[in-house]
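Okay, so here's the structure we're looking at.
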Ligand SMILES: Nc1nc2c(ncn2[C@@H]2O[C@H](COP(=O)(O)OP(=O)(O)OP(=O)(O)O)[C@@H](O)[C@H]2O)c(=O)[nH]1
Ligand SMILES: [Mg+2]
């Protein structure tokens, strides 16, 4: 076996068939020993079943078997085609959601099980958002219990199709790499397809994984006059002699003295590496103020400890978006490097783990009483504002609020028409709402033609520095040529929308005429990062 | 070494370091059973603190009923590390005292030793793949003041950010080998050339052939019992009256690995004690067993 360990979770609402699917996966990959099978078999009979309940291969606690529900995660390991898989079978019951969340934090891939007859439930959505919070990129949706769609041996394709559409609609809000597979765990149908997908995602995951090296220092110790540093490695690998790494927070380069295969190193330079310092071949952020989103397992308390890397720091100040510590930590944002992108919160008195905090953005952005950013997409109708804006929206773990001029016109601004004054008023009101939301700390994405040069200038002046103006630009000729909405070739509306007043300086220009959607998106993210607005 | 095994090794070292570097070493102990998992655990401890010495003590809970080969091996290890030995004063007999034997000589002894030496954190070599209720346990497992495990009140845990702290009325059991399988243990023993008790390898032995749950169980005979001489080895080691041998010709580690890649049953079936009740491991754990 050569590959790394691939962690995947099985989640979804209560009783939708998670444990059964995992049990069936274990059986299909030949990973169940005879005595374990016999034990599950006898437990199935005890439960009044006359066949093996594959879920009982997982539900091993006495209470779980009595109540026929999963209470805590079951860990299983199996080897298949040269890879070690570590499966976490999560509980679906709402009461045990925290047990699902801790598994999700460690996972590289998720199977979300949805009962085809029940469809999407609130608990399904909760699990989905937890998967997104912890940056799980690969998602398999298993539509379970397809055998129950009809009384015969065939499946009702209409129901399955309908569910698929519902799911696809919801997944539009996220950027998972996903696939939907209808299954029947009791009769072992399509389980092979699920396994194939897991293998594919395993391959994709390691293929796209960057060769980052990050290690946090525990301490140094002397032996025979030589100084040794003990490290905690995030990516477990050997460290070679003469390898150069950057030391944080000192921002100095150090050189490894000898090969190391146990996370203990010596360095050539005469530099002190202290507890909590980090060595890396990538850039790390260093701060004691961290912008975060915390998933709480328990109520926060007055005195809490924060743990990240090898540091245990006191939390000196806590707000919903910002944690302040009495020591600086060396970290990354979760969407840059997941392994270095979260920490845990521990109660000082009871020593219980209270929550897990996901790091969201560079702390440079953080000011006390922080306001939300306003991402203002302007440009002609059809230029691609909504597409670009939605791509940005998907990148956020905590979703920004969307203000689309068309939507606002249908509701709050339904009293307005298309005269110059009305158009002006439309934009004005949108900017007022955006300001209100931003003041309360929400990020806002506005998509609005906003053609008046003077007005744009005025709004920008007013909302500086929280407003980022993004012009989505496509030439009028091209728009007229591909006029799907019929906007540019009908006389009624053409006048007001055609003359976008160019001229003042904008923060970012996305040229949708010459560059592809992907190029523009990458450019947008890079520019926003440069502006420290993402 | 295989990548995945290297990962398991580093993970175990992280767990050991997180726990030891953030606590008073006087409060920490590692249970040493003389078995293969303990040997791997000991090796990982050496590696975690190399080039310095292991800063904590190891402890063997003796029952007086271990295999002679185990006591011999223990002598050797005692020269290398700081090894304490603790034996419950009751000195029960497994042939006569049944369930009480395990409860007192192992579970109670374990808790008593912790109190006796004042340990709050105990490392153990248990693995999740050993048993269905172990598969549900955290790597750092909280026990209440009686040493009891409550499956419904486990601490949230996210690798690699372990929480190695206890408070006044809790203590910790730490299992760095949680994510290893039996096969991983053997592959690692091979890679790292770790010394183990020789009766893990095939040897000739007179055994009493019995069955348990319709499966063959080869036990150490008592006086006067009918025996047969077979080629056997042990997959697990414990108290000899409660440990069964398996038929095997595997004379070296490669042959053991090959044997295990095809084996039908898990190692649990060689233990007599696990079959006295359904879910008995879970009940023993609730009562404070490892
Ligand atoms: N007919 C049919 N029944 C299924 C299928 N999958 C699961 N079941 C049944 O659904 C019930 C719940 O299955 P589990 O696998 O225990 O569900 P779970 O999602 O693990 O439940 P929790 O972990 O408690 O949330 C059991 O009675 C299963 O036998 C399926 O594909 N077809
Ligand atoms: Mg379940």
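Protein chains in written order, with my numbering: chain A, 1 to 534; chain B, 1 to 290. Even for Gly, the Cβ is constructed at its ideal location relative to N, Cα and C.
Task: Within 9 angstroms of chain A by C-beta, residues of the region 122–137 of chain B in sequence order - done: Answer in chain order: 128, 129, 131, 132, 133, 134, 135, 136, 137.
Open item on the list: Helix, strand or coil, according to DSSP, for residue 524 (chain A) in the structure here?
Closed with: To locate residue 524 (chain A), count along the first chain from 1; it is residue 524. In this structure, residue 524 (chain A) counts as helix in the three-state DSSP scheme.
Open item on the list: Rounded to whole angstroms, what is the Cα-Cα separation between residue 460 (chain A) and residue 14 (chain B)?
Closed with: Along the first chain, read from residue 1 onward, the residue named residue 460 (chain A) stands at position 460. Along the second chain, read from residue 1 onward, the residue named residue 14 (chain B) stands at position 14. When rounded, the distance between both Cα atoms is 51 angstroms.
- [ ] With 7 angstroms as the limit, tell me which residues of the region 99–121 of chain A have their beta carbon closer than that to any beta carbon of chain B; keep them in chain order.
- [x] Cβ contacts with chain B come from 102, 105, 106.
Task: chain A contacts made by the region 5–17 of chain B, where a contact means CB separation under 9 angstroms - done: Within the region 5–17 of chain B, contact with chain A at the beta-carbon level (separation under 9 angstroms) is assigned to 5, 6, 7, 8, 9, 10, 11, 13, 14, 17.
TODO: Report the residue ranges of all alpha helix (DSSP H) runs contained in full by the region 72–107 of chain A; include only those spanning at least 4 residues, in chain order.
DONE: Here the runs fully enclosed are 97–106.
Task: Contact with chain B by residue 35 (chain A), beta-carbon distance below 7 angstroms - done: Here residue 35 (chain A) refers to the residue found at position 35 when the first chain is read from its first residue. The beta carbon of residue 35 (chain A) sits closer than 7 angstroms to some beta carbon of chain B.
Open item on the list: Helix, strand or coil, according to DSSP, for residue 182 (chain A) in the structure here?
Closed with: In the first chain, residue 182 (chain A) corresponds to position 182, counting from 1. Residue state, collapsed to three classes: strand.
Open item on the list: Between the alpha carbons of residue 413 (chain A) and residue 445 (chain A), how many angstroms are there, rounded?
Closed with: Stepping through the first chain from its first residue, residue 413 (chain A) is reached at position 413. Stepping through the first chain from its first residue, residue 445 (chain A) is reached at position 445. So the two alpha carbons sit approximately 18 angstroms from each other.
Open item on the list: Buried or exposed for residue 368 (chain A), going by 16 or more other Cβ atoms inside 10 Å?
Closed with: To locate residue 368 (chain A), count along the first chain from 1; it is residue 368. Bear in mind that a pLDDT of 33 at residue 368 (chain A), under 50, signals an unreliable position, so the number given afterwards is only what the model happens to contain. Counting C-beta atoms within 10 angstroms of its own C-beta, residue 368 (chain A) has fewer than 16 neighbours from the protein chains shown and is therefore classed as exposed.
Open item on the list: Nearer than 6 angstroms: is that true of the beta carbon of residue 18 (chain A) relative to any heavy atom of ligand 1?
Closed with: To locate residue 18 (chain A), count along the first chain from 1; it is residue 18. Because some heavy atom of ligand 1 lies under 6 angstroms away, the Cβ of residue 18 (chain A) counts as near it: yes.
- [ ] Can you tell me which of the three DSSP states residue 298 (chain B) falls into?
- [x] Given a span of 1 to 290 for chain B in the structure shown, any question on residue 298 (chain B) remains unanswerable.
TODO: For my contact list, residue 291 (chain A) and residue 271 (chain A) are in at a C-beta cut-off of 8 angstroms; report their separation, rounded to the angstrom.
DONE: The count along the first chain starts at 1 and reaches residue 291 (chain A) at position 291. The count along the first chain starts at 1 and reaches residue 271 (chain A) at position 271. For a cut-off of 8 angstroms, the C-beta gap from residue 291 (chain A) to residue 271 (chain A) is around 30 angstroms, too long to register as a contact.
Task: Proximal residues of chain A, C-beta to C-beta of residue 264 (chain B) below 9 angstroms - done: As a first step, residue 264 (chain B) must be located in the second chain, where it is residue number 264. The answer, in chain order, is 33, 34, 35.
Task: Span of the beta strand (DSSP E) around residue 134 (chain B) - done: Along the second chain, one-based indexing puts residue 134 (chain B) at 134. Neither: residue 134 (chain B) is in no beta strand (DSSP E) and is coded neither H nor E.
Open item on the list: Is there a Cβ of chain B sitting closer than 7 angstroms to that of residue 218 (chain A), yes or no?
Closed with: Translated into the one-based positions of the first chain, residue 218 (chain A) becomes position 218. With 7 angstroms as the cut-off, residue 218 (chain A) counts as an interface residue toward chain B.
Task: Neighbourhood of residue 228 (chain A) by C-beta distance below 8 angstroms, restricted to the same chain and skipping five residues each side - done: Indexing the first chain from 1 puts residue 228 (chain A) at position 228. Sequence-distant Cβ neighbours of residue 228 (chain A) in its own chain, meaning closer than 8 angstroms and more than five residues away, are 220, 221, 222, 264, 265, 266.
Open item on the list: Under 7 angstroms, Cβ to Cβ, is there at least one residue of chain A near residue 181 (chain B)?
Closed with: Counted from its first residue, the second chain places residue 181 (chain B) at position 181. It does: the Cβ of residue 181 (chain B) has a partner Cβ on chain A nearer than 7 angstroms.
Task: Distance, residue 175 (chain B) Cα to residue 282 (chain B) Cα - done: For the purposes of this step, residue 282 (chain B) is identified with residue 282 of the second chain, where counting begins at 1. For the purposes of this step, residue 175 (chain B) is identified with residue 175 of the second chain, where counting begins at 1. Whole-angstrom Cα-Cα distance: 16 angstroms.
Task: residue 70 (chain A): CB within 6 angstroms of a non-hydrogen atom of ligand 2 - done: Locating residue 70 (chain A) in the first chain gives position 70, counting from the first residue. Result yes, Cβ under 6 angstroms from ligand 2.
Open item on the list: Are the CB atoms of residue 508 (chain A) and residue 470 (chain A) within a distance shorter than 7 angstroms?
Closed with: By 1-based counting over the first chain, the position of residue 470 (chain A) is 470. By 1-based counting over the first chain, the position of residue 508 (chain A) is 508. A contact, by the Cβ cut-off of 7 angstroms.
- [ ] With DSSP collapsed to three states, give me the class of residue 163 (chain A).
- [x] Indexing the first chain from 1 puts residue 163 (chain A) at position 163. Residue 163 (chain A) sits in a helix when the DSSP states are folded into three classes.
- [ ] Label residue 436 (chain A) either buried or exposed according to how many other C-beta atoms from any shown protein chain fall within 10 Å of its C-beta, with 16 as the threshold for buried.
- [x] As a first step, residue 436 (chain A) is located in the first chain; it is residue number 436 there, counting from the start. When all chains shown are included, residue 436 (chain A) counts as exposed.
TODO: Might you give, ordered along the chain, the residues of its own chain that have their beta carbon closer than 6 angstroms to the beta carbon of residue 365 (chain A), omitting 5 neighbours on each side?
DONE: Locating residue 365 (chain A) in the first chain gives position 365, counting from the first residue. For residue 365 (chain A), the predicted structure reports a pLDDT of 35, less than 50, and the residue's modelled location is therefore unreliable. A value from the coordinates is still provided. Here the set comprises 532.
Task: chain A contact residues for residue 67 (chain B), given Cβ-Cβ distances below 7 angstroms - done: Numbered from 1 along the second chain, position 67 holds the residue referred to as residue 67 (chain B). Those do not exist, as residue 67 (chain B) stays about 24 angstroms from chain A at its closest Cβ, beyond 7 angstroms.
TODO: Take residue 363 (chain A) and list the residues in its own chain whose beta-carbon comes closer than 8 angstroms to its own, dropping the five residues that flank it on each side.
DONE: Start at 1 with the first residue of the first chain, and residue 363 (chain A) comes out as number 363. Bear in mind that the predicted position of residue 363 (chain A) carries a pLDDT of just 42, short of 50, making it too unreliable to give a figure here.
- [ ] Using beta-carbon positions only, say whether residue 12 (chain B) and residue 44 (chain B) come within less than 7 angstroms of one another.
- [x] The residue labelled residue 12 (chain B) in the question sits at position 12 within the second chain. The residue labelled residue 44 (chain B) in the question sits at position 44 within the second chain. The answer is yes: Cβ separation under 7 angstroms.
TODO: Measure the beta-carbon distance from residue 194 (chain A) to residue 181 (chain A) and round it to whole angstroms, keeping in mind my assumption that it falls under 8 angstroms.
DONE: Position 194 of the first chain holds residue 194 (chain A). Position 181 of the first chain holds residue 181 (chain A). Contact holds; Cβ gap of about 6 angstroms.
Open item on the list: Suppose contacts are defined by Cβ-Cβ distances below 7 angstroms. Is residue 7 (chain A) in contact with residue 82 (chain A) by that definition?
Closed with: Stepping through the first chain from its first residue, residue 7 (chain A) is reached at position 7. Stepping through the first chain from its first residue, residue 82 (chain A) is reached at position 82. No, Cβ-Cβ distance for residue 7 (chain A) and residue 82 (chain A) is not below 7 angstroms.
Task: Interface residues of chain B facing residue 228 (chain A) [CB-CB closer than 7 angstroms] - done: Here residue 228 (chain A) is taken as the residue at index 228 of the first chain, counted from 1. 51, listed in chain order.
TODO: Please report how far the alpha carbon of residue 252 (chain B) lies from the alpha carbon of residue 157 (chain A), in whole angstroms.
DONE: Counting from one through the second chain, the residue named residue 252 (chain B) turns up at place 252. Counting from one through the first chain, the residue named residue 157 (chain A) turns up at place 157. In a straight line, the C-alpha of residue 252 (chain B) is about 56 angstroms away from that of residue 157 (chain A).
Task: Contact belief for residue 90 (chain A) with residue 103 (chain A) at Cβ below 8 angstroms, rounded distance in angstroms - done: As a working note, residue 90 (chain A) is residue 90 in the first chain. As a working note, residue 103 (chain A) is residue 103 in the first chain. For residue 90 (chain A) against residue 103 (chain A), the beta-carbon gap comes to about 5 angstroms, under 8 angstroms, which counts as contact.
Task: Start and end residues, beta strand (DSSP E) containing residue 148 (chain B) - done: Here the question's residue 148 (chain B) lines up with position 148 in the second chain. Going by DSSP, residue 148 (chain B) is part of no beta strand (DSSP E) at all; its letter is neither H nor E.
Open item on the list: Our contact map puts residue 236 (chain B) next to residue 205 (chain B) with C-beta atoms below 8 angstroms; I'd like the distance itself, whole angstroms only.
Closed with: Counting from 1 along the second chain, the entry for residue 236 (chain B) is found at position 236. Counting from 1 along the second chain, the entry for residue 205 (chain B) is found at position 205. That belief does not hold up - the Cβ atoms of residue 236 (chain B) and residue 205 (chain B) are roughly 16 angstroms apart, past 8 angstroms.
- [ ] Apply the 10 Å Cβ neighbour rule to residue 203 (chain A) and answer buried if 16 or more other Cβ atoms are within range, or exposed otherwise.
- [x] Locating residue 203 (chain A) in the first chain gives position 203, counting from the first residue. Exposed, by the Cβ-count rule.
Task: Those runs of the beta strand (DSSP E) which lie wholly inside the region 196–245 of chain B and span at least 3 residues - done: Considered as a whole, the region 196–245 of chain B harbours 203–212, 215–219, 228–233 as its complete beta strand (DSSP E) runs of no fewer than 3 residues, in chain order.
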